[in-house]
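According to our numbering, the sequence shown holds residues 1208 to 1641 in order. By construction, the Cβ of each residue, glycine as well, lies at the ideal position given by its N, Cα and C atoms. Following: one structure in structure tokens, then a few remarks.
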Amino acid sequence: MSNQEFLHRSLAAVWHPCTQMKQHETLPLVPIARGEGVWLHDFDGNRYLDAVSSWWVNLFGHCNPRINAALKDQLDQLEHVMLAGFTHQPVVELSERLSCLSGLGHCFYGSDGASATEIALKMSFHYWRNSGRPEKTRFVSLQNGYHGETVGALSVTDVALFKDVYAPLLRESAQVPTPDWRNAESGESARDYALRCAAALRAHLERHHQETAALILEPLVQGAAGMGMYDAEYLRQARAICDEFEVHLIADEIAVGFGRTGTMFAHQQAGIRPDFLCLSKGITGGYLPLSAVLTTDVVYQAFYHDDTARGFLHSHSYTGNALACRAALAVLDIFEQDEVIAANRVKATSFNTIAVPLKAHPRVRNFRHSGMIWAFEVADAAPGFARAFFEEGLKRSLLLRPIGSTVYFMPPYVINEEEIRMLVAGTLEIVEGL
Ligand SMILES: *Cc1c(COP(=O)(O)O)cnc(C)c1O
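Written out as structure tokens, the structure is:
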């Protein structure tokens, strides 16, 4: 089969996500035949370096031999069983290990990121209701925050392009200023700006804590906002303010969890513990859809009762899928065996060295880095910049999908030095030429 034949069939049959399909009249789909490490191969012998980890899910490369082996082994034992009334080895072991890593227990499973957000929001609301505070029904999130696109998750998401059309369907939520340091005044440090934003959060909760159930945020990096990064001090402040006003703190680590920001979980850099921790994306290394919400004993106990309706009766058909849990276990094994967090620190240092000319380019603004995420804005970006950049990337064997004028790298952790050099050199060429 050639690329061309395949594209006709694909466009006729598949409605693609996050896409105005008409644009595919001029922007071809990229058909992928197979993957290996950081590389995706099409049907015509071209390959692309997956510098965005296939929408931030892939950690250890495509077709990773160790994850493959675990899944093959699991396939011959158990593919899936309903998790209501039943249990199995991968889900128990994964829950124990996530609990060890996060200091939270009671792992509740969902199918994807958005369902994790829904679970955390519903659990928080229901906790307050079970605790005699039924008036706590509202949520606060950060400006430009992203928490998924189902109706509940979209209600706390603040990305106009995804949200505005559906506004009549959504519950109102409040947004407080984002500590993203790109918004700081000139001369104001990221930390001072974080403190100023924390004061705004405090002012909001002072007025609204009675009716507020939870604050939801993406710790350290607001991904969909264009990799907006902020000082960990904001998280420390937010934790203290939430405690003071009896409001839950939901850490949406769907994108930043599993080592992305340089620690296993991003909130750990602030030395805090959230009331709810949402995990997905990298959890299975980019293999299978799975999400988890971990919470505290206090929350769990508020549901534990003779009355059925006080329980958390939420469910998804594929909750705790055995194959997905097994992939997640293989991912955690790799973290341990390869000491990935420490190895990534070395890799990130070398990445930064290689990226010096990119950072110094006159059109590059706000060059920033957190763990295994790099991002910058390109000055004087023309309309259609993101798409043009993507197309230029493909010509240079690079899969890059800028968000507006923000170019970012979020590569699989297995990227090697030669591949980093190629990525940076290709990106420099595109920045130079567009
Ligand atoms: C991707 C993402 C989600 C939604 O996850 P899906 O699996 O796409 O539903 C939620 N929150 C954050 C921070 C994300 O990056």
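First and last residue of the alpha helix (DSSP H) that includes residue i?
{"i": "H1333", "result": "1320-1337"}
{"i": "E1636", "result": "1624-1640"}
{"i": "T1470", "result": "Note, T1470: premise wrong, no alpha helix (DSSP H); not H, not E."}
{"i": "G1359", "result": "1358-1363"}
{"i": "H1411", "result": "1397-1415"}
{"i": "K1370", "result": "1367-1370"}
Since residue i sits in a beta bridge, which residues does DSSP pair it with?
{"i": "H1223", "result": "DSSP output for H1223 lists no bridge partner at all."}
{"i": "Q1382", "result": "S1348"}
{"i": "A1421", "result": "F1346, H1455"}
{"i": "Q1475", "result": "Answer is none; Q1475 lacks a bridge partner."}
{"i": "V1571", "result": "V1585"}
{"i": "D1429", "result": "This sequence places Gln at residue 1429; Asp is not what is there. G1435."}
{"i": "I1610", "result": "T1613"}
Output the boundary residues of the beta strand (DSSP E) element that contains residue i.
{"i": "R1241", "result": "1241-1243"}
{"i": "L1456", "result": "1455-1459"}
{"i": "T1613", "result": "1613-1616"}
{"i": "A1499", "result": "1498-1502"}
{"i": "L1486", "result": "1483-1486"}
{"i": "A1317", "result": "According to the sequence shown, residue 1317 is Gly rather than Ala. That run of the beta strand (DSSP E) goes 1312-1317."}
Counting C-beta neighbours from all protein chains within 10 Å, is the total for residue i 16 or more, i.e. buried, or is it exposed?
{"i": "M1208", "result": "exposed"}
{"i": "Y1511", "result": "exposed"}
{"i": "E1440", "result": "buried"}
{"i": "D1283", "result": "exposed"}
{"i": "G1292", "result": "exposed"}
{"i": "P1297", "result": "buried"}
{"i": "Y1437", "result": "buried"}
{"i": "W1388", "result": "buried"}
{"i": "T1294", "result": "exposed"}
{"i": "W1222", "result": "exposed"}
{"i": "K1343", "result": "buried"}
{"i": "A1499", "result": "buried"}
{"i": "K1488", "result": "buried"}
{"i": "Y1316", "result": "buried"}
{"i": "R1533", "result": "buried"}
{"i": "M1289", "result": "exposed"}
{"i": "Y1373", "result": "exposed"}
{"i": "Q1475", "result": "buried"}
{"i": "M1330", "result": "buried"}
{"i": "C1404", "result": "buried"}
{"i": "T1526", "result": "buried"}
{"i": "N1351", "result": "buried"}
{"i": "Q1444", "result": "buried"}
{"i": "R1414", "result": "exposed"}
{"i": "D1459", "result": "buried"}
{"i": "L1520", "result": "exposed"}
{"i": "K1602", "result": "exposed"}
{"i": "D1365", "result": "buried"}
{"i": "D1482", "result": "buried"}
{"i": "T1613", "result": "buried"}
For the region 1573-1608, which segments carrying the beta strand (DSSP E) assignment without a break, of at least 3 residues, lie completely within its bounds, in sequence order?
-> Taking only runs of at least 3 residues, the beta strand (DSSP E) segments lying wholly in the region 1573-1608 are 1580-1585.
Whole beta strand (DSSP E) runs in the region 1246-1298 with 3 or more residues, listed along the chain?
-> List check, beta strand (DSSP E) in window: 1246-1248, 1254-1257.
Are the region 1387-1403 and the region 1542-1562 in contact at 8 Å, needing three or more beta carbon pairs?
-> No, they do not touch.
Are the region 1464-1480 and the region 1573-1593 touching by the rule of at least three beta carbon pairs closer than 8 Å?
-> Contact between the region 1464-1480 and the region 1573-1593 is present, with at least three C-beta pairs closer than 8 Å.
Touching or not, the region 1298-1318 and the region 1561-1574, by the rule of three or more beta carbon pairs under 8 Å?
-> Using a Cβ-Cβ distance cut-off of 8 Å, the region 1298-1318 and the region 1561-1574 are not in contact, since fewer than three pairs of beta carbons, one from each stretch, lie closer than that value.
Quick one: any contact between the region 1496-1508 and the region 1319-1335, if contact means 3 or more CB pairs under 8 Å?
-> Yes, since at least three Cβ pairs between the region 1496-1508 and the region 1319-1335 fall closer than 8 Å, the two stretches touch.
Run through the region 1513-1565 for me and flag every whole alpha helix (DSSP H) of 4 or more residues, listed as ranges in chain order.
-> If we require 4 residues or more, the alpha helix (DSSP H) runs fully inside the region 1513-1565 come out as 1529-1544, 1547-1561.
Using 8 Å as the Cβ pair cut-off and three pairs as the minimum, do the region 1236-1248 and the region 1209-1223 touch?
-> The region 1236-1248, when compared against the region 1209-1223, does touch it at the 8 Å Cβ threshold.
Take every Cβ of the region 1253-1268, pair it with every Cβ of the region 1600-1612, and state whether three or more of those distances are shorter than 8 Å.
-> Touching, yes.
Would you check if there are 3 or more beta carbon pairs closer than 8 Å linking the region 1318-1328 to the region 1350-1363?
-> Contact between the region 1318-1328 and the region 1350-1363 is established, with three or more Cβ pairs separated by less than 8 Å.
Touching by the beta-carbon criterion (3+ pairs, under 8 Å), the region 1477-1492 and the region 1262-1277 | Yes, since at least three Cβ pairs between the region 1477-1492 and the region 1262-1277 fall closer than 8 Å, the two stretches touch.
Stretch-stretch touch, CB-based, cutoff 8 Å, three pairs: the region 1553-1563 with the region 1593-1604 = In short, these stretches do not touch, since the Cβ pair count stays below three.
Hey, is the region 1422-1434 in contact with the region 1452-1463, meaning 3+ C-beta pairs nearer than 8 Å?
-> In short, these stretches touch, since the Cβ pair count reaches three.
Could you say if the region 1516-1526 and the region 1444-1455 meet the contact criterion of at least three C-beta pairs nearer than 8 Å?
-> Not touching, per the Cβ criterion.
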